[in-house]
Each structure stands twice: as structure tokens, then as C-alpha cells.
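Participant: Questions regarding the structure given below will be posed in turn.
Protein chains in written order, with my numbering: chain A, 1 to 563; chain B, 1 to 239.
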């Protein structure tokens, strides 16, 4: 224990020294982080209250359905956190120079494992922690929880909940790496991706929100009844269910029942953490050796050559320096297993989402509900793009890595490198966004003008999101970090994601009155025009140009700094 | 070919390089020496556009590195002390990529790559990913890439650190041959015997200031006068 504390002391010291470095841009960055993180938590908190009010008082879905919506949300949060932890923990445990350094010193492997496990847990949990805090605080405020319940729920329930996901991630990772001796790493990755997608799809399919609402309506008007008999059998074994049940009983002032569910969660965390400790003690070093062996052996058996469009000697319609930069980025991308497997995973999830949305049969005759549904689709599509951009575009400049000297010392304008990355990302993501818009909007809304309006606004959104990620990705570039997953889960990345959310909320709030007006004219007066689009499009363009301009200026300025 | 005029670089209140001036003539093999932390790498980074000088001017081939950066950079080749390469590219792809950055047509790069592979003896490895390379291989590949656009001046930082004798000999032979062909070589190093073997002129930097800037002969006369080795003269000067 003394040794662990000793190492932690130096880790904290080095962290503090970096953060306290007296430079204006660092101070401003930290200040902006605090403002944005706080703002995000407050906005999310207010949003949760509004959402609960809307579901319970406007839509009258009842507390049971509301809690199940939270269960679904918590489940997705849990699996995503678990999957993200597997990816980041792999880099932290098996590729980190710090582990290589510590392993050559007289420190037990188990202690190294514990230090890196928690290092990784705190590194990846910041955004999830804020989201969880906002949900708990919003829920508690609406149902009037006592003040002491908030810290109790956040630190006593939500953090253990995330720790549970991290424990599962660590166990899967260690055992997964251990068996790469027998099964190739590609196959294991494929199994993990299939399992993740399969679990999410099966869960959504079993706990379908539409079925939930329909079942609850059978009980109408006693919609607040505790109707857990409807729940699928497996639900009561899920940690997210325990949390929402606990919240439900707290809202009903049944503290004993709440304690029962909270207790289940804490006991599970205790058991899982103990298993993680045992697995770590037993398998960390052997897994580490296997991962080193795999990395050393696999590449030397492979020789690489390129031809066709990716041939770096080949000609192109683009200026030669730009074309070699793009080809280099593509080659590095598809040779990096982590990059393309994540891409495949994300596209599988998008395909599942589009397949489900395409089957939706929703008809509302209320302009407000139509607007709400439209904006939900708009925001959801934009958030998918924001997620992909954060994962793949934000780390783009950092991935220039310590080889940046090469590009910087070449007779080459840094704007080109910036624009080439932006163009590749912008074109690819526009394609994805247009497909999403086509599937989601045309599945529910039949109006062509609305579809075109959405195409244009989503295009502007994609450009701006790419611009924000590239710009801030350059400002907060971590050239000494080789792992793009770690870059995409850093503090700068979280800040960028929150800025994107603020931008999206601003965009949506600009559209609300115009879209509502459009549906009113369409549904109430049966008037179908296209002139309504002009003002929101102009506003949207102005906002996007403003945000894009600032992000690009910051990004290009950062590229001129000393390296 | 390379002119540094009253160049200063400050990081906050600390001066890494203070008011230094250097002149490296065309075809000269220039050794840049100094103890650790003296300002060698900072000076080289300013010469290659990686750092902006706080004051003073740097000209490469008559072009100011700040005012005409593209012109200046197009005539130099640069190899840093730790040449990080792109892990997921092969050596051949890396060389082709660097050639592309200097706007050299693919066909020309292909021809030159063949010759370069031969002179650096990297044929066996050149089609493997650079993540598999040893330090020596990395150094050889990055030096090979720095020459693919046929620069007029080569700026090279600690070229022989961590190299095995065979790699070191290959690098030294290439550098000698470049100098014999009229290419200016600006080399920072710790190895005094390398300086003795290769350089025409040398400058010694200490705590960011130039304390010696003359020919090797002049340094040799200092050595003869004190009946000392190069090493002891260097230690005496940088004490």
C-alpha cells in the first residue's frame, strides 16, 4: 500500500505541475473547461427536470414508464462506459510507457495493475460522471429529495455503478488478451464488437420504449401504479434497474425498499471488484507478456505494399503534397486495428438504428408533438455525427504525433494539412449524415420541403461539428499520445464535445418557432409553402459560419506554435 | 548557405539561446557542439522552422526562414535527434511520402529511392512497417528520406546516437560523400572524434552563447598549445 501511495504521490505531483504551469493559454483553457463543464451540468440538470415534467405532466406516461426510460438510458450508458473502458484500459495497461517503466522496477505487478486501473477509471469517467450527476440531481429536485440524498446517491450509488462497468471491462480485457495466444486479436475484437452490438440490440428489442408506453396505457388512468410485472425477467438483474428502482422508491418515500436495491448494487460492486482484483493478480503480468509477444511476432510476419489509389508514388488530381498527406492518413487508419474496428462498430450501430427507425409508424396531429419528434430526430442524428467526429476527427491533429517535425520542416503550408483533414472528414461525414437524414426524416415526415431543409441544416451542422473538433483538436493536441482513443477521451475532447452540444442546442432553439409554425400551417390550415425556410436557414448559416470561423482561426493559430 | 544573425530564443523569462550569430558557407561541413542543454537543438529547431526566434534573423540559401519559409525549407533536409516515423507506414512509403511533401514527382522519387536504398543498405527492411525498426534503422530511413529531394543543405541533430558500428559507418560515409558533392552539412553532435574526422568548421555553444566559432585547425592549434586531447580542450572550454 505504501508503495502504491508513493507512486500516486509522484503521479499527482507531475499532474499538478503541468496544470499549474503559468501560461495564459493554459489558464484560459482550464477556465473555459470549468465554465463549460459547469454549464453543461447545469443545463443537463435543468433539461432532466423539464423532461420529467413533460413526461409526467404533459404526456402523462406515469412514473413507471419514466423510470423504465431511465433504465434504458442507464443501460446504454453502462455498456458504452464498459466498452470505452476496455479500449482505453488496453492502451493504459498494455501500451503505456509508464507501465513498461514500472515493470522494470521492484514493484509488484499487482500494484501496477491497481494503479493503472484507477488511473484509467478516473480518466474516462469525467463526462459520464457529469451526466449521472445531472440525472440524479434533476430527478431528486423534481421529487423533492432531502439535501443529503444527493451526495449519497452520486458518490454512494452512481460512482460504484460506473466502477462496476470498469470492473467488467477489466475482467473482459485481461481474459481477452490472455487468450490472444490461441485466438487472433482480430477475432477477439470481432467477437467483442458483435457482443456489444448484440447486447444493445437485444436489450432495446426486449425493452422497447413503444411497447412500454402501450402496456402502461392499459392501466390508464392508474399510470403511476407500480407495474413491474410487465418487466422482462432479466431486467431485475441489471444494475441500471437497481438504480432506477431505488430512485422510484425514494420518490415514494419507501427508504427501506430503496435501500434493498442500493444494497444489491453495492454488494455486486464489492463482488465484481474482488473478482477484478483476483483476475488482475493472477493474469495481469501474463497478459502483458502475451500482448508484448503478439505485438512483436505478428508484424514481422507481414510485409506491406500498396498499389492503386493509395500508392504514394502515384499521381493524383490534387496537388502532390496534399495527395500524399491524404494517402498517408488513409494508410495509417486502415493499418491500425483500433481505428477500423471502431469504425465498423459505429457503422453497425448506425445501421441498427436506421433499420429500427425505418420501421416506425408514428402519426401525430399536434404541431407541437410533430416539432418535438422532428427535433428529436434532428438532434439524435447530429449527436451520432458528433460522436463519430469526436472519436475520429478530434484526434486527427494529435495523430500527427511526434513526427510533426517532418511536416513542419517541409516546404508546406500548415493550412493544407488542416484543410485536407477537414475535407476528408467533412465529405465522409456529410455522406453519413445525409443517409441518416433520409432514413429518419422520410420515415416519419413525408414533406419534401422539410427533407430538403433538413439536408441543408444537417450539412451545415456537420461542417461546423467537424470544424469545432479539428480546431479544438489542434489547440489541445497531444502529440506524444499515440493512442487515438485516449486522445478522444481526454479533458480537451470532453470540453470539445460539450461545446458541440451547446452549439447544437443553440441551433435547435433557432429552429423551434419556425418548425412549429410550419407544422401549424400544414396541420391546422393545410398550407404547404417553402418560404418559411429562408429565415431559419439564414440564421443557421450565420451561426455555423461564426462558430466555424472561430474554431478554424484557433486551430490554425495552434499549428503555428512552437513544437 | 546558412546565416544566423543575433538570434535569441526565450521560453518565458529563460533564454535558451542568446544573441548567437553563425555563418556556414556552401559545401562546408559544420560541426555544432555543446554540452547537454546548451541550446543546440533549440538552434536547429529555429533553423528548420519548428521554433520561432524571439529576435534575430535566420537565412537559409538567402531566404529568411520566417518571411520565405517555403523557399527556405525546400532547400534543406532535416533529421532530428529522435526521428519519430509513422509506425503504420513502411520505410519505402515514408520516403515516398517525404518526397511528395517536397512536390517531387512519383517517378523521380521511385528512381531516387532505389539508389538511396542501396547506399543506406536498407533493402531488407524497407518494405516493413517502421514500428518494427531498431533505432539504427529509423535513423537510416529518416536520413534517406531527408535526401530524397536532393537538398542543398542538410541539418542533422545528433546523427550517431544509439547506432551500432555498421549503421554509424554507413551514416558517416553518406555524410562525407554529401560534403564531397558540395552539399552543406550542419551537424550537431557530442562525439568529438566524429567532429575531428568529418568537420571543416565548428562552433561550440554553452548556456545559449557561442564560445568558439572557427575552423577545426584553430581548435587543433589550441589542443597542440596545451598538449591536450580534443576532449580536454572541449571540457575546458565548456567548464
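Cβ coordinates follow ideal geometry from the N, Cα and C atoms, glycine included.
Report yes or no: do the region 327–344 of chain A and the region 76–96 of chain B share at least 3 C-beta pairs separated by less than 8 Å?
Facilitator: Output reads yes: the region 76–96 of chain B touches the region 327–344 of chain A.
Participant: Quick check on residue 402/A - is its C-beta less than 8 Å from some C-beta in chain B?
Facilitator: Yes - at least one Cβ of chain B is within 8 Å of the one on residue 402/A.
Participant: With 16 as the cutoff for other CB atoms within 10 Å, does residue 505/A come out buried or exposed?
Facilitator: When all chains shown are included, residue 505/A counts as exposed.
Participant: Using a cut-off of 8 Å between C-beta atoms, extract the partners of residue 407/A located in chain B.
Facilitator: Residues of chain B passing the Cβ test: 101.
Participant: Is there a C-beta anywhere in chain A that falls below 8 Å from the one on residue 52/B?
Facilitator: Chain A contact via Cβ: present.
Participant: Count the other CB atoms within 10 Å of the CB of residue 525/A; is the residue buried (16 or more) or exposed (fewer)?
Facilitator: Per the 10 Å Cβ criterion, exposed.
Participant: Quick one: what's got a C-beta closer than 6 Å to residue 231/A's C-beta in the same chain, skipping five residues either side?
Facilitator: Excluding sequence neighbours, residue 231/A sits near nothing in its chain.
Participant: Do the region 373–387 of chain A and the region 26–39 of chain B meet, that is, are 3 or more Cβ pairs less than 8 Å apart?
Facilitator: At 8 Å Cβ cutoff, the stretches do not touch.
Participant: Beta-carbon of residue 97/A versus every beta-carbon of chain B: anything under 8 Å?
Facilitator: Chain B, which has no Cβ nearer than 8 Å to the Cβ of residue 97/A, makes this no.
Participant: In chain order, what are the residue ranges of uninterrupted alpha helix (DSSP H) at least 4 long that sit wholly in the region 126–206 of chain A?
Facilitator: Those alpha helix (DSSP H) runs which fall completely within the region 126–206 of chain A and span 4+ residues are 149–153, 159–178, 185–206.
Participant: Near residue 416/A, what residues of its chain come up, given a Cβ to Cβ distance below 6 Å and the 5 sequence neighbours on each side ignored?
Facilitator: Excluding positions up to five away in sequence, the list reads 322.
Participant: In the structure shown, what three-state DSSP assignment does residue 187/B receive?
Facilitator: Strand.
Participant: If we cut at 8 Å on Cβ distances, does residue 10/B have a partner in chain A?
Facilitator: False, the Cβ-Cβ gap to chain A never drops below 8 Å.
Participant: Using a C-beta to C-beta distance shorter than 9 Å, which residues of chain C count as neighbours of residue 48/B?
Facilitator: Going by chain labels, chain C is absent from the structure shown, which instead holds the protein chains A and B.
Participant: Pull up the CB-CB distance for residue 57/B and residue 5/B, whole angstroms please, since I reckon it's below 8 Å.
Facilitator: Their Cβ separation, rounded to whole angstroms, is 5 Å, which keeps residue 57/B and residue 5/B in contact under 8 Å.
Participant: In terms of residues, what are the limits of the alpha helix (DSSP H) holding residue 329/A?
Facilitator: Unbroken alpha helix (DSSP H) run through residue 329/A: 320–335.
Participant: With a threshold of 8 Å between beta carbons, is residue 94/A in contact with chain B?
Facilitator: With 8 Å as the cut-off, residue 94/A does not count as an interface residue toward chain B.
Participant: Please go through the same chain and pick out, in chain order, the residues whose beta-carbon is closer than 7 Å to the beta-carbon of residue 519/A, but skip the five residues on each side of it.
Facilitator: The residues are 367, 370, 371.
Participant: To the nearest angstrom, how far is it from the Cα of residue 53/A to the Cα of residue 79/A?
Facilitator: Spanning the two alpha carbons is a distance of roughly 27 Å.
Participant: Residues in the same chain with beta-carbon distance under 8 Å from residue 186/B, minus the five sequence neighbours each way, listed in chain order, please.
Facilitator: So the qualifying residues of the chain are 2, 24, 30, 32, 44, 47, 153, 154, 155, 156.
Participant: Can you check whether the CB of residue 541/A is closer than 8 Å to the CB of residue 473/A?
Facilitator: Against a cut-off of 8 Å, the Cβ pair of residue 541/A and residue 473/A comes out as no contact.
Participant: Where residue 98/B and residue 145/B are concerned, what is the direct C-alpha to C-alpha distance, given to the nearest angstrom?
Facilitator: Each residue's alpha carbon lies about 6 Å from the other.
Participant: Could you check if residue 133/B is buried or exposed, using at least 16 other CB atoms within 10 Å of its CB as the buried criterion?
Facilitator: The residue is buried, with at least 16 neighbouring Cβ atoms inside 10 Å.
Participant: At 8 Å on the CB atoms, spell out the chain B contacts of residue 395/A, in chain order.
Facilitator: Here the premise fails: no neighbours, minimum Cβ distance about 14 Å.
Participant: Which one of 413/A, 259/A, 544/A has the shortest CA to CA distance from residue 70/B?
Facilitator: Taking only the C-alpha atoms, the option nearest residue 70/B is 413/A.
Participant: Could you confirm whether any beta carbon from chain A is found closer than 8 Å to the beta carbon of residue 7/B?
Facilitator: Not an interface residue.
Participant: Under 8 Å by Cβ, that's how I've got residue 91/A and residue 408/A pegged, so tell me the actual separation to the nearest angstrom.
Facilitator: Going by Cβ atoms, the distance from residue 91/A to residue 408/A rounds to 26 Å, so no, they are not a contact pair.
Participant: Taking the beta strand (DSSP E) that residue 484/A falls in, what are its first and last residues?
Facilitator: Segment 484–488 is the alpha helix (DSSP H) holding residue 484/A; no beta strand (DSSP E) there.
Participant: Rounded to whole angstroms, what is the Cα-Cα separation between residue 150/A and residue 179/A?
Facilitator: Distance between the alpha carbons of residue 150/A and residue 179/A: 42 Å.
Participant: Can you name the residues that DSSP bridges to residue 64/B?
Facilitator: Bridge partners of residue 64/B: 59/B.
Participant: Quick one: which chain A residues come within Cβ less than 7 Å of residue 106/B?
Facilitator: Chain A residues near residue 106/B: 313, 314, 315.
Participant: How do the region 49–66 of chain B and the region 92–110 of chain B stand: do at least 3 beta-carbon pairs fall below 8 Å, yes or no?
Facilitator: Because the criterion of three Cβ pairs below 8 Å is not met, the region 49–66 of chain B and the region 92–110 of chain B do not touch.
Participant: What residues from chain A crowd round residue 80/B, counting only those whose CB sits closer than 7 Å?
Facilitator: Chain A residues near residue 80/B: 405.
Participant: Could you check whether the Cβ of residue 300/A sits closer than 8 Å to any Cβ belonging to chain B?
Facilitator: Bear in mind that a pLDDT of 47 at residue 300/A, under 50, signals an unreliable position, so the number given afterwards is only what the model happens to contain. Yes, residue 300/A counts as interfacial toward chain B.
Participant: Check residue 104/B in the structure and name its three-state DSSP category.
Facilitator: Note: residue 104/B maps to coil in three-state DSSP.
Participant: So with CB distances below 9 Å, who are the chain A contacts of residue 109/B?
Facilitator: Result: 312, 313.
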